[in-house]
Amino acid sequence: NSPLSEVDPEIALVLEQELGRQRGTLEMIASENFVPRAVLEAQGSVLTNKYAEGYPGRRYYGGCEFVDVAESLAISRAKSLFGAAYANVQPHSGASANAAVLAAIASPGDRILGLELAHGGHLTHGMKLNFSGKLYEAHAYGVDPDSFLVDMDVVREKALETRPQVLIAGWSAYPRQLDFEAFRAIADEVGAKLWVDMAHFAGLVAAGLHPNPVPFADVTSSTVHKTIGGPRSGFILNNDLDIQKKINSNVFPGQQGGPLMHVIAAKATAFKLAGEPEFKDRQERTVRGAQILAERLTAPDAKAAGIDVLTGGTDVHLVLVDLRNSAIHGQDAEDILHSVGITVNRNAVPFDPRPPMTPSGVRIGTPALATRGFGDAEFTEVADIIATALKPTPDVAALRARVLKLTDGFPLYEGLTSPGSW
Ligand code: PLP
Numbered sequence: 006n007s008p009l010s011e012v013d014p015e016i017a018l019v020l021e022q023e024l025g026r027q028r029g030t031l032e033m034i035a036s037e038n039f040v041p042r043a044v045l046e047a048q049g050s051v052l053t054n055k056y057a058e059g060y061p062g063r064r065y066y067g068g069c070e071f072v073d074v075a076e077s078l079a080i081s082r083a084k085s086l087f088g089a090a091y092a093n094v095q096p097h098s099g100a101s102a103n104a105a106v107l108a109a110i111a112s113p114g115d116r117i118l119g120l121e122l123a124h125g126g127h128l129t130h131g132m133k134l135n136f137s138g139k140l141y142e143a144h145a146y147g148v149d150p151d152s153f154l155v156d157m158d159v160v161r162e163k164a165l166e167t168r169p170q171v172l173i174a175g176w177s178a179y180p181r182q183l184d185f186e187a188f189r190a191i192a193d194e195v196g197a198k199l200w201v202d203m204a205h206f207a208g209l210v211a212a213g214l215h216p217n218p219v220p221f222a223d224v225t226s227s228t229v230h231k232t233i234g235g236p237r238s239g240f241i242l243n244n245d246l247d248i249q250k251k252i253n254s255n256v257f258p259g260q261q262g263g264p265l266m267h268v269i270a271a272k273a274t275a276f277k278l279a280g281e282p283e284f285k286d287r288q289e290r291t292v293r294g295a296q297i298l299a300e301r302l303t304a305p306d307a308k309a310a311g312i313d314v315l316t317g318g319t320d321v322h323l324v325l326v327d328l329r330n331s332a333i334h335g336q337d338a339e340d341i342l343h344s345v346g347i348t349v350n351r352n353a354v355p356f357d358p359r360p361p362m363t364p365s366g367v368r369i370g371t372p373a374l375a376t377r378g379f380g381d382a383e384f385t386e387v388a389d390i391i392a393t394a395l396k397p398t399p400d401v402a403a404l405r406a407r408v409l410k411l412t413d414g415f416p417l418y419e420g421l422t423s424p425g426s427w
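Here the sequence shown stands for residues 6 to 427, numbered as in full-length UniProt numbering.
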């Protein structure tokens, strides 16, 4: 029962350093967030010890009476948050949720049609090295070359041409909302199942700031750790009992063995918090922060420096910075922002003229900073810092000082004395 610092000082140091990094920088990776203390507690708990193959009330192990309560709470909270009849909360991650979804609604060799990876789609929607591209015949629709928006006429044309068994709506890098009703109509027209992957925008849906795909989709999958701000994991929702049975058997035993009961308990807590008024306020600040960023990065002085934002703005929690006309590329931008203490990731823009390792875009998200407490004033300052950093010859030391003023003003995990204990 010795503490981590004694048992494994090297790993204790990693935790210490990572906590310091999270506290002292501005986290703007669009898929990241900070879980609340309650989620850390549930996840770092004795539930990690428990085997619970099966589902609540139908386990293959004894002693599941308490973890059953945790999983039942996670299920009922997920269902009520998103208005779904059924929920599976066992997927270890978004990718394993998606593997179970495809296994449930398609057979190997079936055609799937999703958003092109290079245009903002996800690996699990048909990338050739991913299970989805290996097991299924993957086709893609792209965004419009001028507007950079998903054009539903193009989606329909592609669907009529490829006749997919599964039509996929969802993205990892796209700054606008999708038209789920139109996706539903196309799926019906070609006889496809509609699968929506709301991993990125699920928190906005829960807060009522984004259309809910659940009424339109045959299956909806998600992660819990992006806009929702819960533990790293996935879940699946649907309204059809036959599909639900297939989802359940394709999660366990299809894809997974024992569920991570500590993570499932933490999911239950995250879903509970997502139903509270503070959560809505946080999601509103998230979207507003992204819009402030888009405004600042499309201002005349930014445009004069070759900086722009794809689609001219955002309706969600991220902006896609377009550096095609800039002297610097996405890797340069990622490095410069890292040097001032802002963490982002480079990203290809659709039809990118530059190579993948030095692409023309940067994806910048606001969920983690909104969780940290940022509002309009702080996001305006962040946007100014980023715009200045991306222009020629930025004063890195001055910008780093401005970042530190923001991080100091919004302490993270106050009271966390060592990274694993309160
Ligand atoms: N689906 C989408 C749309 C995503 O953006 C991601 C993660 O980036 C995933 C699924 C996969 O989630 P995970 O990293 O938990 O496997």
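Where a beta carbon is used, it is the ideal one built from N, C-alpha and C, also for glycine.
Quick caveat, the model's predicted, so the values are computed rather than measured.
- When rounded, the separation of the alpha-carbon atoms in Pro41 and Gly234 is 8 Å.
- In this model, His124 and Val345 are separated by some 28 Å (Cα to Cα).
- Residue range 185-195 is occupied by the alpha helix (DSSP H) that includes Val195.
- In this structure, Asn103 has its CB closer than 7 Å to one or more heavy atoms of the ligand PLP.
- Residue Tyr56 holds the alpha-carbon nearest to the alpha-carbon of Glu70 among Ser81, Tyr56, Leu242.
- Between the ligand PLP and the CB of Ser137, the shortest heavy atom gap is not smaller than 7 Å.
- Positions of the beta strand (DSSP E) runs, each at least 3 residues long and wholly inside the segment 349-420, are given as 350-352, 366-370 in order along the chain.
- By the CB criterion at 8 Å, Ser177 and Gly126 fall inside the cutoff.
- Between Pro169 and His144 the beta-carbon gap is near 6 Å, inside 8 Å, which marks them as a contact.
- As DSSP reads the structure, Asn243 sits in a beta bridge with Tyr91.
- Closest by C-alpha distance to Val210, out of Ile241, Leu86, Gly138, Glu37, is Leu86.
- Under the DSSP assignment, Lys198 falls in the beta strand (DSSP E) whose first and last residues are 198-202.
- Distances from the alpha-carbon of Asp381 to those of Pro150, Ala394, Arg287 put Arg287 closest.
- Under the three-pair Cβ rule at 8 Å, the segment 360-368 counts as touching the segment 327-342.
- Contact check between the segment 270-277 and the segment 137-157: fewer than three CB pairs, one atom from each, fall below 8 Å, which does not count as touching.
- Secondary structure of Ile347 (DSSP, three-state): strand.
- Residue pairing by DSSP places Arg64 opposite Gly59 in a beta bridge.
- Around the beta carbon of Ser36, a 10 Å sphere encloses 16 or more other beta carbons of the protein chains shown; the residue is thus reported as buried.
- Counted as a single uninterrupted DSSP element, the alpha helix (DSSP H) harbouring His267 occupies residues 266-279.
- Taking Asp320 as reference, the option from Ser331, Ala307, Ala299, Ile312 with the minimal CA-CA separation is Ala299.
- Excluding the 5 residues flanking it on each side, Gln249 has same chain C-beta neighbours closer than 8 Å at Ala90, Tyr91, Asn93, Asn243, in chain order.
- The C-alpha of Leu120 lies about 26 Å from the C-alpha of Leu302.
- Every beta strand (DSSP E) of 3 residues or more that sits fully in the segment 99-172 is shown, in chain order, as 116-120, 142-146.
- When C-alpha distances from Gln261 are compared across Gln95, Ser81, Leu45, the shortest belongs to Gln95.
- Here Ser331 is buried, its C-beta having at least 16 other C-beta atoms within 10 Å.
- With the rule of 3 Cβ pairs closer than 8 Å, the segment 290-297 counts as touching the segment 365-379.
- With a threshold of 16 other beta carbon atoms within 10 Å, Lys133 falls short and is exposed.
- Phe384 and Val155 have their C-alpha atoms some 28 Å from each other.
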